[in-house]
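S.K.: Okay, here's the structure, questions in a sec.
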Amino acid sequence: MQTTHMATPVLEVAHLEKVYGALGNVTRALNDVSFTVNRGEFVGIMGASGSGKSTLLNCVSTIDSATSGTIRINGQDVTRMKQAKLSQFRREELGFIFQDSNLLDTLTARENIALPLTIARTNSAEISTRVQDVAARLSISQVLGKYPYQMSGGQQQRVAAARALVTDPTMIMADEPTGALDSKSARLLLESLEALNRRLRATVLMVTHDSFAASYTSRVLFIRDGKIFTELRRGDTDRREFFDRIMEVVAMMGGEGSDAL
Amino acid sequence: MLCKLAWGNVRRAGRDYLVYLLTLTLGVTVFYAFNTISMQVDIAGIDEEGLAQVMGSMLGDLTYFLAGVMAFLMVYANNFIMKRRKKEFGLYQVLGMGRGRVATIMALETVIVSVVAFVAGIVLGVGLSQLMTFFTASLFKTQIANFHFFFSVHAFNLTLACMLVMFVLTLLLNLRAVRRTKLIELMGAERRNESIKTRNPWIAIAIFAVGVVLVGVAYYRLLRDGFPLTATDSKLQEAMNQFGITTAMVTVGTFALFWGLSGMLIKLLQSLRGVYWRGLNMFTVRQLAAKVNTVCFSMGVIAMLLFLAITSVTCGMSIANVMNENLERYNPVDVSQTYVYYTPDTLDFYKESFNPSEADRMVLADSTVDLYSAWHGDTWHGDRKGKSADNNDEIGKKVNIADVAGEHVQIDSYLSYPLGGSNPSVIPSEMCKTMGEKLPKAFGGSNADAMGLFVTPASQYNKLRQMMGEEPVHIGRDQYLLTCDMGGELVDLYTKYMAGGHALTLGGHTLKPAADKSDEDTAAIANSAMGSNPGTVVVADELLSQLNLQPYSSSLLVNYKQGMDTTEADESIKYTVLDNLLVDGKESGSWGTFITRSEMYTQAAQMNGLISYLAIYIGFVLVVACAAILSIQQLSNVADGSRSYRVLAQIGCDDRQIRHSVMAQQAVFFLFPLALGLAHSFVALKVIIELVSIFGNMSIGGTVGLTCAIFLAAYGGYFLVTYLMSTGMVQAAIATRYSE
Numbered sequence: 003m004q005t006t007h008m009a010t011p012v013l014e015v016a017h018l019e020k021v022y023g024a025l026g027n028v029t030r031a032l033n034d035v036s037f038t039v040n041r042g043e044f045v046g047i048m049g050a051s052g053s054g055k056s057t058l059l060n061c062v063s064t065i066d067s068a069t070s071g072t073i074r075i076n077g078q079d080v081t082r083m084k085q086a087k088l089s090q091f092r093r094e095e096l097g098f099i100f101q102d103s104n105l106l107d108t109l110t111a112r113e114n115i116a117l118p119l120t121i122a123r124t125n126s127a128e129i130s131t132r133v134q135d136v137a138a139r140l141s142i143s144q145v146l147g148k149y150p151y152q153m154s155g156g157q158q159q160r161v162a163a164a165r166a167l168v169t170d171p172t173m174i175m176a177d178e179p180t181g182a183l184d185s186k187s188a189r190l191l192l193e194s195l196e197a198l199n200r201r202l203r204a205t206v207l208m209v210t211h212d213s214f215a216a217s218y219t220s221r222v223l224f225i226r227d228g229k230i231f232t233e234l235r236r237g238d239t240d241r242r243e244f245f246d247r248i249m250e251v252v253a254m255m256g257g258e259g260s261d262a263l
Numbered sequence: 011m012l013c014k015l016a017w018g019n020v021r022r023a024g025r026d027y028l029v030y031l032l033t034l035t036l037g038v039t040v041f042y043a044f045n046t047i048s049m050q051v052d053i054a055g056i057d058e059e060g061l062a063q064v065m066g067s068m069l070g071d072l073t074y075f076l077a078g079v080m081a082f083l084m085v086y087a088n089n090f091i092m093k094r095r096k097k098e099f100g101l102y103q104v105l106g107m108g109r110g111r112v113a114t115i116m117a118l119e120t121v122i123v124s125v126v127a128f129v130a131g132i133v134l135g136v137g138l139s140q141l142m143t144f145f146t147a148s149l150f151k152t153q154i155a156n157f158h159f160f161f162s163v164h165a166f167n168l169t170l171a172c173m174l175v176m177f178v179l180t181l182l183l184n185l186r187a188v189r190r191t192k193l194i195e196l197m198g199a200e201r202r203n204e205s206i207k208t209r210n211p212w213i214a215i216a217i218f219a220v221g222v223v224l225v226g227v228a229y230y231r232l233l234r235d236g237f238p239l240t241a242t243d244s245k246l247q248e249a250m251n252q253f254g255i256t257t258a259m260v261t262v263g264t265f266a267l268f269w270g271l272s273g274m275l276i277k278l279l280q281s282l283r284g285v286y287w288r289g290l291n292m293f294t295v296r297q298l299a300a301k302v303n304t305v306c307f308s309m310g311v312i313a314m315l316l317f318l319a320i321t322s323v324t325c326g327m328s329i330a331n332v333m334n335e336n337l338e339r340y341n342p343v344d345v346s347q348t349y350v351y352y353t354p355d356t357l358d359f360y361k362e363s364f365n366p367s368e369a370d371r372m373v374l375a376d377s378t379v380d381l382y383s384a385w386h387g388d389t390w391h392g393d394r395k396g397k398s399a400d401n402n403d404e405i406g407k408k409v410n411i412a413d414v415a416g417e418h419v420q421i422d423s424y425l426s427y428p429l430g431g432s433n434p435s436v437i438p439s440e441m442c443k444t445m446g447e448k449l450p451k452a453f454g455g456s457n458a459d460a461m462g463l464f465v466t467p468a469s470q471y472n473k474l475r476q477m478m479g480e481e482p483v484h485i486g487r488d489q490y491l492l493t494c495d496m497g498g499e500l501v502d503l504y505t506k507y508m509a510g511g512h513a514l515t516l517g518g519h520t521l522k523p524a525a526d527k528s529d530e531d532t533a534a535i536a537n538s539a540m541g542s543n544p545g546t547v548v549v550a551d552e553l554l555s556q557l558n559l560q561p562y563s564s565s566l567l568v569n570y571k572q573g574m575d576t577t578e579a580d581e582s583i584k585y586t587v588l589d590n591l592l593v594d595g596k597e598s599g600s601w602g603t604f605i606t607r608s609e610m611y612t613q614a615a616q617m618n619g620l621i622s623y624l625a626i627y628i629g630f631v632l633v634v635a636c637a638a639i640l641s642i643q644q645l646s647n648v649a650d651g652s653r654s655y656r657v658l659a660q661i662g663c664d665d666r667q668i669r670h671s672v673m674a675q676q677a678v679f680f681l682f683p684l685a686l687g688l689a690h691s692f693v694a695l696k697v698i699i700e701l702v703s704i705f706g707n708m709s710i711g712g713t714v715g716l717t718c719a720i721f722l723a724a725y726g727g728y729f730l731v732t733y734l735m736s737t738g739m740v741q742a743a744i745a746t747r748y749s750e
């Protein structure tokens with residue numbers, strides 16, 4: 003723990019296992035994974051394709067169910083929750099940003115951002131102010147009236163980020179958020195995430211295979227073959243230096259890694 | 011190898027193919043079943059002459075229509091499949107498979123599905139046709155004497171041929187699609203954001219308003235003008251043009267209404283902020299708007315088709331009902347024979363234009379003929395089906411009505427002007443004017459005024475009443491009674507006239523009503539299918555003889571002798587060529603219709619059956635076609651939107667809310683066209699009922715209610731199945747994890 007006020011755990015994963023298939027054809031996607039994320043942390047998860055990083059995110063985000071082990075978010079064990087409770091939990095505690103922005107084509111940016119609030123039956127006056135707020139923070143106020151197809155990829159991703167943030171979630175889950183973006187848009191998005199984390203103390207969990215994206219985080223977990231291979235903390239180093247250290251680990255992780263990572 | 015791939019594809023894409031399969035199966039079933047109608051008629055024991063041919067030819071035409079509708083459906087369903095499968099066919103090509111082989115796989119898939127659909131359809135069709143036999147029998151009011159399982163080779167061949175044509179058609183379309191489509195289109199673009207065609211909401215609202223106004227004005231015009239059927243020749247063209255304008259208005263209005271619907275809905279709901287920004291409402295409305303834009307045309311078509319279906323069924327069956335219900339009143343006796351006198355108009359017509367030489371043999375009658383003594387002649391030598399061989403000895407046999415007649419009465423109808431005159435003194439428009447009423451639509455611009463009402467002596471009227479077991483009505487020298495057996499508006503008019511105490515003037519005599527009600531049950535002046543008496547003034551015999559009116563027609567109404575078998579009696583006099591009635595070697599008129607009651611009953615039952623059959627046939631096909639189109643559209647919408655539903659689930663929307671949204675969207679698509687179609691139908695039916703009321707009070711109920719219930723069940727069933735399949739698709743989409 004680098005600073006004491008961040009020490010409250012938001013996410014506690016313990017002995018998580020995920021097994022696919024059955025009878026002699028078993029794939030162990032996650033094998034005894036344990037880690038903790040504290041409030042206000044910006045954590046990256048890196049790994050090659052097939053390493054289990056997306057499975058991990060899916061389990062944590064309650065979209066997929068674990069075979070064994072526990073996942074506690076804000077003290078609640080999500081592996082024991084019923085389906086109906088899970089929807090509510092996702093709605094109230096989590097925010098999602100996907101590789102492709104996953105905005106709804108038929109809704110304007112404003113409506114896309116408002117969607118999690120309307121689902122939760124927030125009153126319309128409050129919806130309006132909160133959407134304006136979050137849009138201003140991500141500098142997308144000028145595109146609120148547009149449809150997704152009228153926006154650039156970067157704008158779409160920031161609208162998606164705004165949708166993830168508008169409910170003030172306990173934790174933001176980002177799955178390869180820069181995957182579909184050009185480098186300039188990617189940088190803009192990462193800077194917004196970093197700013198959210200720094201200024202608003204938002205907890206972010208980001209899966210990526212891009213070392214550059216990972217260098218914006220405060221801590222990176224490396225996954226290989228379903229296990230946590232190692233972990234890197236940024237500490238007080240600047241981003242360039244952190245990026246070099248990440249690259250070292252990536253190189254160390256394996257010969258086949260360079261193309262996948 | 012290719013076969014295996016194709017078979018695997020069909021099984022894997024089962025859900026997509028299910029819609030196609032169902033549509034195809036349904037098409038085959040309906041097609042086969044309706045083409046077995048002639049066999050059903052046989053088995054149901056309906057062996058009336060000519061009926062099978064009439065129905066056969068009418069159904070033959072309808073079969074083409076049905077085939078057309080089904081072809082449209084199948085092409086539609088096929089496009090749905092192709093859209094789903096494009097990417098896979100693209101993938102094969104990317105992997106290096108030639109277009110020819112891709113086409114082969116696709117053709118094989120189509121073959122598999124078509125064969126399965128054909129077999130299933132025929133099996134269901136055979137089952138359905140057995141059931142329909144009972145339905146047919148009940149419609150034609152017969153009993154099934156010996157029911158046995160039947161299979162129609164004719165219908166089978168027809169269905170097979172039709173299927174083959176459609177199969178080739180869809181195959182060609184698909185091959186063209188594969189050949190034409192670029193690989194990049196086959197493969198890509200699935201994940202790209204769909205561009206939304208947005209319409210300026212204000213324009214949409216304006217168009218919607220225009221649609222509503224057009225439909226409203228069209229309703230008003232239809233209610234005011236009615237159908238152009240009742241117009242006289244001179245005004246017919248004008249009336250037809252006006253009706254054409256009304257039709258165009260309602261059609262354009264319907265499409266405009268659907269075109270503007272989405273924009274209007276969005277604006278409306280957005281103005282209700284609490285509603286719009288609540289739950290998935292916003293999403294639901296936006297999804298609707300996005301789709302309504304592309305399907306507004308088909309929604310319009312469906313609304314119009316449903317309108318046609320509802321109207322044709324309700325109207326056809328109600329007319330048939332009315333005719334059946336009033337049959338007893340229309341046919342008071344076992345047999346009737348009419349004799350029509352020449353009037354001055356007829357003579358003029360013959361002399362001046364038609365046949366001057368014929369006119370020399372014609373003379374105006376100055377008194378009526380006694381039909382009872384005049385009714386005799388020889389048995390007719392004709393092609394009596396199945397009878398000629400046995401009854402040859404009877405040909406030329408002398409027949410006299412007295413051989414069979416028991417109670418009988420002659421009813422003479424005079425025109426309301428004296429011999430040799432031409433202007434009737436009792437005419438409906440004058441009567442309406444006296445009461446300050448509008449002329450009933452049933453008269454329309456017809457020539458009721460030119461002819462005026464008939465006049466009949468009270469003694470004859472009362473004799474008929476006695477024959478029917480009713481008390482005679484006393485009609486004094488200065489009194490009159492109005493009778494009419496056509497029910498509805500006409501009887502209401504006459505009853506109102508008498509109840510109001512209005513006087514009639516006949517040959518300078520002013521007459522007062524003898525009763526305050528027109529009894530339509532004893533008002534017939536001959537047997538008929540749809541009424542014989544549009545309006546008659548019954549007056550005292552002394553007055554009538556004094557007035558010296560122009561005879562128009564006489565009818566002999568006969569009941570057979572007590573204990574006589576009706577069928578035998580009918581047979582014995584049916585085929586008689588009556589001797590001419592000559593007065594001084596000249597004719598005063600000609601023999602008119604000879605109608606037995608049993609003949610009318612049989613005809614009415616057949617007519618009823620035929621109309622019901624056709625109405626149901628057309629209606630059912632239209633309803634099923636509409637429902638199937640809607641169903642396919644909705645399923646493809648859901649499939650297109652599966653990504654959206656996955657996103658919704660991920661951001662924490664629970665299943666219930668998603669299901670509600672799907673339900674709301676589909677309800678709009680199914681119910682809006684239905685609602686508009688029903689509204690159109692109500693207005694049209696209101697006018698039709700007014701028009702048909704000349705034949706009696708048309709009531710919509712009974713069979714019509716049942717039929718409509720079946721239709722609604724079919725439509726609702728499609729809705730339900732679509733909804734269930736959609737929620738299944740949504741569940742599957744949600745369950746698909748976003749992959750690594």
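Residue numbers (the numbering used here), protein chains in the order written: chain A, 3 to 263; chain B, 11 to 750.
Yeah, the Cβ is synthetic: ideal placement off N, Cα and C, and Gly gets one too.
Is it buried or exposed, B:Q643, if we count other Cβ atoms within 10 angstroms and call 16 or more buried?
M.R.: Answer is buried; the Cβ neighbour count reaches 16.
S.K.: Identify every run of the beta strand (DSSP E) within the stretch 436-508 of chain B, keeping only runs that are complete inside it and at least 3 residues long; order them along the chain.
M.R.: 464-467 and 489-493
S.K.: If B:F293 sits next to A:L105, beta carbons under 8 Å apart, how far is it from one beta carbon to the other, in whole angstroms?
M.R.: No, B:F293 and A:L105 are not in contact; Cβ-Cβ is about 12 Å, not under 8 Å.
S.K.: Should B:E700 be labelled buried (16 or more other beta-carbon atoms within 10 Å of its own) or exposed?
M.R.: buried
S.K.: Going along the chain, which residues of the stretch 96-123 of chain A sit with their C-beta nearer than 9 Å to a C-beta in chain B?
M.R.: L96, G97, F98, F100, Q101, D102, S103, N104, L105, L106, D107, T108, L109, T110, E113, A116, L117, P118, L119, T120, I121, A122 and R123
S.K.: Which residues in the same chain as B:Y86 place their Cβ atom closer than 7 Å to its Cβ, once the five residues preceding and following it in sequence are excluded?
M.R.: I639 and I642
S.K.: How many Å lie between A:G155 and A:E94 at the Cα?
M.R.: 27 Å
S.K.: The alpha helix (DSSP H) spanning A:V352 covers which residue range?
M.R.: No information on residue 352 of chain A is available, as it lies outside the stretch 3 to 263 that chain A covers here.
S.K.: From the DSSP output, which residues share a beta bridge with B:V285?
M.R.: In the DSSP assignment, no residue is bridged to B:V285.
S.K.: Please classify B:K407: is it buried, with 16 or more other beta-carbons within 10 angstroms of its beta-carbon, or exposed?
M.R.: exposed
S.K.: Quick one: Cα of A:A163 to Cα of A:E233, how far?
M.R.: Rounded to whole angstroms, the gap between the alpha carbons of A:A163 and A:E233 is 26 Å.
S.K.: Count the CB pairs spanning the stretch 179-188 of chain B and the stretch 105-123 of chain B that are closer than 8 Å, and state whether there are at least three.
M.R.: Yes: the two stretches touch, three or more of their Cβ pairs being nearer than 8 Å.
S.K.: Taking B:S608 as the reference, give the member of B:F177, B:M333 and B:N341 with the closest Cα.
M.R.: B:N341
S.K.: State whether the stretch 520-538 of chain B contacts the stretch 584-595 of chain B, with contact taken as three or more CB pairs (one from each stretch) at a distance under 8 Å.
M.R.: no
S.K.: Strictly by DSSP, which residues pair up with A:T38?
M.R.: A:E14
S.K.: Is A:R74 helix, strand or coil by DSSP?
M.R.: In the three-state scheme derived from DSSP, where H, G and I count as helix and E and B as strand, A:R74 is classed as strand.
S.K.: Looking at chain B, which residues of the stretch 136-161 of chain A have a Cβ within less than 9 Å of any of its Cβ atoms?
M.R.: Y149, P150, Y151, Q152, M153 and Q158
S.K.: Tell me the DSSP bridge mates of B:R764?
M.R.: Not covered by the structure: residue 764 of chain B. The range shown for chain B is 11 to 750.
S.K.: For the structure I just gave you, are there three or more beta carbon pairs, one from the stretch 666-681 of chain B and one from the stretch 337-357 of chain B, closer than 8 Å?
M.R.: no
S.K.: Any chance you could list the alpha helix (DSSP H) runs of at least 4 consecutive residues sitting entirely within the stretch 586-664 of chain B, in chain order?
M.R.: You should have 607-650 and 652-660.
S.K.: Would B:E200 count as contacting chain A if we go by Cβ distances under 7 Å?
M.R.: Interpretation of B:E200 is limited by its pLDDT of 49, a score under 50 that renders its predicted location unreliable; the figure taken from the coordinates is listed afterwards. Output row for B:E200: interface = no.
S.K.: Reducing DSSP to helix, strand and coil, say where B:S48 ends up.
M.R.: helix
S.K.: Could you give the residue range of the alpha helix (DSSP H) that holds B:Q347?
M.R.: Element bounds for B:Q347: not the alpha helix (DSSP H) but the beta strand (DSSP E), V345 to Y351.
S.K.: Using the Cα positions of B:T378 and B:M477, report the straight-line distance between them to the nearest angstrom.
M.R.: The straight-line gap from Cα to Cα measures roughly 22 Å.
S.K.: So what does DSSP say about A:M173, is it helix, strand or coil?
M.R.: strand
S.K.: Closest to B:S426 by CA distance: which of B:N167, B:K448 and B:L463 is it?
M.R.: B:L463
S.K.: Suppose the cutoff is 8 Å on Cβ atoms and the five residues either side in sequence are ignored; what does the same chain contact list for B:H158 look like?
M.R.: I53.
S.K.: Look up B:N558 in the DSSP assignment and say whether it is helix, strand or coil.
M.R.: If DSSP states are grouped into helix, strand and coil, B:N558 belongs with coil.
S.K.: What number of angstroms, rounded off, separates the C-alpha of A:S143 from the C-alpha of A:Q134?
M.R.: Their Cα atoms are separated by approximately 7 Å.
S.K.: Distance, Cα to Cα, B:R201 vs B:G310?
M.R.: Confidence in B:R201 is poor, its pLDDT being 47 and thus under 50, which makes the residue's placement too unreliable to answer from.
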